[in-house]
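From first to last, the protein sequence lines stand for chains W and U.
Okay, so the first sequence: first residue is 1 according to the working numbering, each after it adds one.
Okay, so the second sequence: first residue is 141 according to the working numbering, each after it adds one.
We treat Cβ as the ideally placed atom computed from N, Cα and C, and that holds for glycine.
2 protein chains.
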Amino acid sequence: MKTPEELVARFREQGYKVTPQRQLIFRLLDGNTAHPTAETLYEVAAQQMPGISLRTVYQTLSELSAMGEVQHIDLGSGAVRFDPNVDDHHHVVCSTCGVVHDVYVNQTPLHFEGDVEGFAVHSTRIVFSGECAQCAHLSA
Amino acid sequence: MKTPEELVARFREQGYKVTPQRQLIFRLLDGNTAHPTAETLYEVAAQQMPGISLRTVYQTLSELSAMGEVQHIDLGSGAVRFDPNVDDHHHVVCSTCGVVHDVYVNQTPLHFEGDVEGFAVHSTRIVFSGECAQCAHLSA
DNA sequence: TGTTAGTTAGCACGACTTGTTGATTAGCAG
DNA sequence: CTGCTAATCAACAAGTCGTGCTAACTAACA
C-alpha cells in the first residue's frame with residue numbers, strides 16, 4: 001500500500017474527497033501487519049473517532065481494494081481480512097489463536113500435475129496452517 | 141474417501157444408522173471430481189430421492205467431514221465445496237467459469253521466509269487461479 | 001459560497017449454514 | 001418381531017458477513 005500521503009493525493013486525482021474518516025483508515029492500515037477484518041478495523045477506528053460508521057469502513061476498504069492498495073484475503077475464517085502488503089506473498093495461519101503472518105515463498109512458480117490441460121495460471125495463493133511458537137509454548 | 145460400502149461399515153461401527161439418504165450421498169460423492177457445494181449435491185440428490193432435505197445433506201456432509209472422509213474446501217466463492225479426494229492435493233480454479241480441478245504439487249514441503257520463528261506447519265493449501273482451456277477458447 | 005460527494009442511522013435483504021421443535025419414520029440390537 | 005432410539009422432515013428462526021437503500025445532515029473542494 002502507498003503511504004497515507006500518497007493515498008490522499010491519489011484519491012484527489014480520482015475525484016474522491018479526502019475525508020477525515022478515509023485518512024484515519026489510511027493511517028490505521030499503514031504498516032499494519034495484523035491482517036484485520038473490517039470489524040476489527042472499525043473498532044480501532046471508533047476509538048479514535050467515535051461516530052465513524054462500520055459502513056464507511058467497509059466502503060473505504062472496498063475503494064482501496066478496487067484501487068489495488070490492499071489485498072483481500074479470505075482464509076475461510078468467516079470474515080475477509082485486509083492486507084496492506086500487496087507484494088507477491090503468502091500467509092501462515094495459527095489454527096489455535098488465528099494470528100496471520102506474511103511469508104514469502106521463493107520456489108514459485110510452482111509446477112503441478114493433474115487433469116488440467118491448457119490452464120493459464122494468473123495467481124497462486126498459498127496458506128500454511130499450523131501452530132505458532134506462542135501457542136506451542138502455552139500448550140506444552 | 142472410502143467406497144460407499146466401506147462407509148456403510150464405518151457408520152455402523154460408530155453407531156450411526158445407515159439410512160437410504162446417507163447411502164445416496166455416499167454414492168453421489170464416490171469418485172465425484174466436481175467439487176460440489178452442499179446445495180449442488182442436494183439438487184442432484186433430490187432428483188433421485190424427492191423429499192430428501194437440504195438439512196440432511198448438510199448433516200451428512202458434516203459427519204463425513206468430521207470423519208475425515210471428505211475435504212472441506214473454501215475458495216472464497218461464498219459456499220464451501222466438498223471433495224471426496226482426501227489425498228494431499230491442491231486446486232486450480234477458473235475465475236471465469238468457476239470450475240475446480242484437483243492437482244498435485246511435488247515440490248512440497250515448501251520453504252518460506254518471513255517473521256514467523258518457530259511456526260509448526262501442519263498443512264499447506266495452494267489455490268491456483270486463472271483461466272481454463274475452455275474459457276480461453278470461448279473468449280478468443 | 002455553492003455544488004456535490006461523503007457520512008450517518010436505520011432498516012432491510014441475500015447468501016450460506018446451523019439450531020430448534022415436534023411429529024413421523026425406520027434402522028438395528030436383542 | 002418388537003421396541004428403543006436415532007434419523008428425517010417441515011417449518012421457522014437465527015447468526016454472520018456484507019451490501020443496498022433512503023433520508024437527512026455535513027463537509028470537501030472548486
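C-alpha distance - histidine 262 (chain U) paired with glutamate 6 (chain W), whole-angstrom precision: What you label residue 262 (chain U) is simply residue 122 of the second sequence in a count that begins at 1. What you label residue 6 (chain W) is simply residue 6 of the first sequence in a count that begins at 1. Whole-angstrom Cα-Cα distance: 40 Å.
Residue burial classification, proline 20 (chain W) (beta-carbon count within 10 angstroms, cutoff 16): Sequence index remark: in the first sequence, residue 20 (chain W) carries index 20 (1-based). The residue is exposed, with fewer than 16 neighbouring Cβ atoms inside 10 Å.
Counterpart residues of glutamine 211 (chain U) in DSSP-defined beta bridges: The residue labelled residue 211 (chain U) in the question sits at position 71 within the second sequence. Looking at the DSSP assignment, glutamine 211 (chain U) forms a beta bridge with U:Asp223.
Status (buried if at least 16 other CB within 10 Å, exposed otherwise) for tyrosine 244 (chain U): Translated into the one-based positions of the second sequence, residue 244 (chain U) becomes position 104. So tyrosine 244 (chain U) counts as exposed.
According to DSSP, residues forming a beta bridge with glycine 254 (chain U): Within the second sequence, the letter at position 114 stands for residue 254 (chain U). Its beta-bridge partners are W:Val103.
Cβ distance (whole Å) where valine 8 (chain W) is taken to contact leucine 28 (chain W) below 8 Å: Counted from its first residue, the first sequence places residue 8 (chain W) at position 8. Counted from its first residue, the first sequence places residue 28 (chain W) at position 28. The Cβ separation is near 14 Å, so there is no contact.
Reduced DSSP secondary structure (H/G/I, E/B, other) of alanine 185 (chain U): Within the second sequence, residue 185 (chain U) is the residue found at index 45, counting from 1. Helix at alanine 185 (chain U).
Listed by chain order, chain W residues near threonine 264 (chain U) by CB distance under 8 Å: Here residue 264 (chain U) refers to the residue found at position 124 of the second sequence. By Cβ distance, chain W contributes Ile126, Val127, Phe128, Ser129.
Neighbourhood of proline 176 (chain U) by C-beta, 7 Å cutoff - its chain only, sequence neighbours within 5 removed: As a first step, residue 176 (chain U) must be located in the second sequence, where it is residue number 36. For proline 176 (chain U), same chain residues with a beta-carbon under 7 Å away, outside a window of 5 residues either side, are Arg221, Phe222 in chain order.
Near-chain W residues of the region 238-257 of chain U (beta-carbon distance less than 8 Å), N- to C-terminal order: Listed in sequence order: His241, Asp242, Val243, Tyr244, Val245, Asn246, Gln247, Leu250, His251, Phe252, Glu253, Gly254, Asp255, Val256, Glu257.
Under 8 Å between C-beta atoms of phenylalanine 268 (chain U) and valine 232 (chain U): As a first step, residue 268 (chain U) is located in the second sequence; it is residue number 128 there, counting from the start. As a first step, residue 232 (chain U) is located in the second sequence; it is residue number 92 there, counting from the start. Yes, the pair counts as a contact, with Cβ atoms nearer than the cut-off.
Nearest-angstrom Cα separation, counted from valine 210 (chain U) out to glutamate 271 (chain U): Mapped onto the second sequence, residue 271 (chain U) falls at position 131. Mapped onto the second sequence, residue 210 (chain U) falls at position 70. CA-to-CA, the gap between glutamate 271 (chain U) and valine 210 (chain U) works out to about 26 Å.
C-alpha distance - lysine 157 (chain U) paired with glycine 68 (chain W), whole-angstrom precision: Counting from one through the second sequence, the residue named residue 157 (chain U) turns up at place 17. Counting from one through the first sequence, the residue named residue 68 (chain W) turns up at place 68. So the alpha carbons of these two residues sit roughly 52 Å apart.
is_contact[valine 261 (chain U), chain W] using C-beta, thresh 8 Å: As a working mapping, residue 261 (chain U) is identified with position 121 in the second sequence. Taking Cβ atoms only, chain W reaches closer than 8 Å to valine 261 (chain U), which makes this a yes.
Sequence-distant residues of its chain with Cβ nearer than 6 Å to isoleucine 52 (chain W) (five each side left out): Mapped onto the first sequence, residue 52 (chain W) falls at position 52. So the qualifying residues of the chain are Gln21, Ala45, Ala46.
Nearest to threonine 89 (chain U) (by Cα), restricted to the options U:Asn246, U:Met141, U:Asp255, U:Glu257: Shown here, chain U extends from 141 to 280; a query on residue 89 (chain U) therefore has no answer.
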